[in-house]
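Peer 1: For what it's worth, UniProt numbering labels the leading residue of the sequence shown as 1, then goes sequentially.
The C-beta atom is built at its ideal place from N, Cα and C for all residues, glycine as well.
This one's a predicted model, so the numbers in the text were calculated from it and none came from an experiment.
Here it is: the structure, laid out below.
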Amino acid sequence: MSPVWPVMSSKPLTITSSTSSKTSATTTTAKTSSKTSVAKTSSRASSSASAASSSTPSAVGTKYLIVFGDSYSSTGFYIQGGYPSSSDPIGQPALPGTTTTGGLNWVGMVTSEFNSSLTLTYDWAYYGADTDASIVYSYATYCFDGQVGEFEDAMVPAPTEAPWTADNSLAVVWIGINDVGEAFWEDIELPLDAIMTRYWGLVQDLYDDGLRDFVIMTVPPFDQAPVFAEQTASALAGLQGNISAYNEALESNLATFKSNNTNVKAQLFNTSSYFWTALDNPTAYGATDATCMNSDGTTCLWYDDYHPGQAIHKLVAEGLVSAVEFF
1 MSPVWPVMSS KPLTITSSTS SKTSATTTTA KTSSKTSVAK TSSRASSSAS
51 AASSSTPSAV GTKYLIVFGD SYSSTGFYIQ GGYPSSSDPI GQPALPGTTT
101 TGGLNWVGMV TSEFNSSLTL TYDWAYYGAD TDASIVYSYA TYCFDGQVGE
151 FEDAMVPAPT EAPWTADNSL AVVWIGINDV GEAFWEDIEL PLDAIMTRYW
201 GLVQDLYDDG LRDFVIMTVP PFDQAPVFAE QTASALAGLQ GNISAYNEAL
251 ESNLATFKSN NTNVKAQLFN TSSYFWTALD NPTAYGATDA TCMNSDGTTC
301 LWYDDYHPGQ AIHKLVAEGL VSAVEFF
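Okay, here's the thing in structure tokens:
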């Protein structure tokens, strides 16, 4: 997860029902190492800084992006460091935050580069998060359920420092990589029904909190990450099947959520095509191949063996801004 990205002639616009990953070439040697740790060192609770913002944003013209997710989305945000402001639009740590890209991730790019209005981002995403650690194991301090709790504790009702409303806010949820991934590494059946019940119960909580505009991001083809290079064809087929099943469940549950609630804007954002744009043509994005990794985040498509670098994040950010009316 290339020093210079090629100029895109047009941004992808499609929001589609989710399909998982293409069938990839597979190898026959089983991987013997355990999954890599993706935890970073930033901690929300470690700061003693005041939560008071240096300047209280005006509700007029300011937009509020509220993110829930895992290490593909986290900037290490901790609200104890201060509310996001025009000078620090993602709060603390300041841009690019603590990411798994070697620089800006899609959240930082959307906040600071690819929109035309002041967008203040509250990124509750946490490294290693899945939907709920009581369903699928996670070492994360805050899984999706904990992130929703943090949001509610800090921002419901809307504080003076963050006067978000149904009209000026967008909730983006990118959860599922670790639900599917942990089931793979633990060699257990993916408890999809239990996950979806919990996932959409949490989205319903956010609706009940006053949010009305939602983007649900699909699980990307993370089976293409270098950590899976030595997995057997059979093992990869099972992983890819679970990615597809998870995304299909997101789509069907989204339709139910929309039908059960009024005045809701909710859409599925298919992340897969943006990954494949780079994976199918890595040299166009400064990489020697589709599996090399470098912690600079730019000279390979992958920052490490589990996380995409800045080129893929840039494609996702551009696609999201183009496809979602909020921006």
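1. Once DSSP output is grouped into helix, strand and coil, what is the label at residue 181?
2. Pick from 110, 99, 184, 293: whose alpha carbon is nearest that of residue 89?
3. What is the residue span of the alpha helix (DSSP H) that residue 256 lies within?
4. Please report the distance separating the alpha-carbon of residue 293 from that of residue 279.
5. Per the contact definition of three or more C-beta pairs closer than 8 angstroms, is the region 133-148 in contact with the region 63-70?
6. Can you tell me the Cα-Cα spacing of residue 152 and residue 289, whole angstroms?
7. Near residue 62, which residues of its chain fall below 7 angstroms by C-beta distance, leaving aside the five closest residues on each side in sequence?
8. Closest to residue 175 by C-alpha separation, out of 156, 160, 196, 229, would be which residue?
9. How should residue 188 be labelled, buried or exposed, when 16 other C-beta atoms within 10 angstroms of its C-beta is the threshold for buried?
10. Could you tell me which uninterrupted beta strand (DSSP E) segments, each at least 3 residues in length, are contained entirely in the region 91-164, listed from first to last along the chain?
11. Put residue 306 into one of helix, strand or coil per three-state DSSP.
12. Taking the beta strand (DSSP E) that residue 78 belongs to, which residues open and close that run?
13. Per DSSP, what kind of secondary structure is residue 319 in: helix, strand or coil?
14. Can you tell me whether residue 326 is helix, strand or coil according to DSSP?
15. Residue 203 lies in the alpha helix (DSSP H); which residues open and close that run?
16. Taking a contact to mean a Cβ-Cβ separation below 8 angstroms, would you say residue 326 touches residue 205 in this structure?
17. Skipping 5 residues on each side, what residues in its chain have a beta carbon closer than 6 angstroms to that of residue 76?
18. Between the alpha carbons of residue 296 and residue 253, how many angstroms are there, rounded?
19. Roughly how many whole angstroms lie between the Cα atoms of residue 314 and residue 298?
20. Do you know how far the Cα of residue 157 is from the Cα of residue 311?
21. Using the Cα positions of residue 209 and residue 284, report the straight-line distance between them to the nearest angstrom.
22. Going by the DSSP bridge assignment, what does residue 174 pair with across the sheet?
23. Mapping the DSSP letters down to three states, classify residue 223 as helix, strand or coil.
24. Output yes or no for whether 8 angstroms exceeds the beta carbon distance between residue 226 and residue 305.
25. Could you tell me the distance, in whole angstroms, from the CA atom of residue 25 to the CA atom of residue 318?
26. With a cut-off of 8 angstroms on the beta carbons, I'd call residue 136 and residue 182 a contact; round off their distance for me.
Peer 2: Straight from the coordinates:
1. helix
2. 110
3. 233-260
4. 13 angstroms
5. yes
6. 43 angstroms
7. 118, 120, 168
8. 196
9. exposed
10. 119-123
11. coil
12. Unbroken run through residue 78: none, as it is neither H nor E.
13. helix
14. coil
15. 192-208
16. no
17. 42, 93, 97, 98
18. 38 angstroms
19. 11 angstroms
20. 37 angstroms
21. 43 angstroms
22. 69
23. helix
24. yes
25. Caution applies to residue 25, whose pLDDT of 33 falls short of 50 and renders its modelled position unreliable; the value that the coordinates give is listed next. Going from the Cα of residue 25 to the Cα of residue 318 covers about 28 angstroms.
26. 5 angstroms
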